[in-house]
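Residue 26 in UniProt numbering sits at position 26 of the sequence shown, and the numbers go up by one each step.
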Amino acid sequence: VIVSTNLKFSDWITMFENTTMVTALIDRLTFRSHVLNMNSDHSYRADYSNQGNEN
């Protein structure tokens with residue numbers, strides 16, 4: 001199962017509005033899993049789209 005989100009775990013409370021439920025959900029999703037934080041201001045899509053405009 002792959003779960004992708006642009007929210008930090010701490011921001012999930014605003015989405016679900018129940019701290020206990022969010023804590024349990026995060027606990028179950030992250031148990032025996034790999035969490036990849038891919039935080040970057042660099043956009044590969046922007047780089048790719050700009051390559052076509054250089055001609």
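Don't be surprised by glycine CBs; every beta carbon is placed ideally from N, CA and C. Note that the structure is predicted; figures quoted are calculated from it, not measured.
Over what stretch of residues does the alpha helix (DSSP H) that includes residue i continue unbroken?
| i | result |
| --- | --- |
| Asp47 | Tyr44 to Gln51 |
| Ile26 | Thr19 to Thr30 |
| Met15 | Trp12 to Phe16 |
So residue i and residue j are in contact, right, with Cβ under 8 Å, and what is the actual spacing, rounded?
| i | j | result |
| --- | --- | --- |
| Thr5 | Ile13 | No, Thr5 and Ile13 are not in contact; Cβ-Cβ is about 13 Å, not under 8 Å. |
Measuring CB to CB, does residue i end up less than 8 Å from residue j?
| i | j | result |
| --- | --- | --- |
| Val3 | Leu29 | yes |
Excluding the five sequence neighbours on either side, which residues of its own chain have a C-beta within less than 6 Å of the C-beta of residue i, listed in chain order?
| i | result |
| --- | --- |
| Val22 | Trp12, Ile13 and Phe16 |
Who are the Cβ neighbours of residue i in its own chain at under 7 Å, not counting the five residues just before and after it?
| i | result |
| --- | --- |
| Phe9 | Ile26 |
With a threshold of 8 Å between beta-carbons, can residue i be considered close to chain C, or not?
| i | result |
| --- | --- |
| Ser43 | No chain C appears in this structure, which consists of one protein chain only. |
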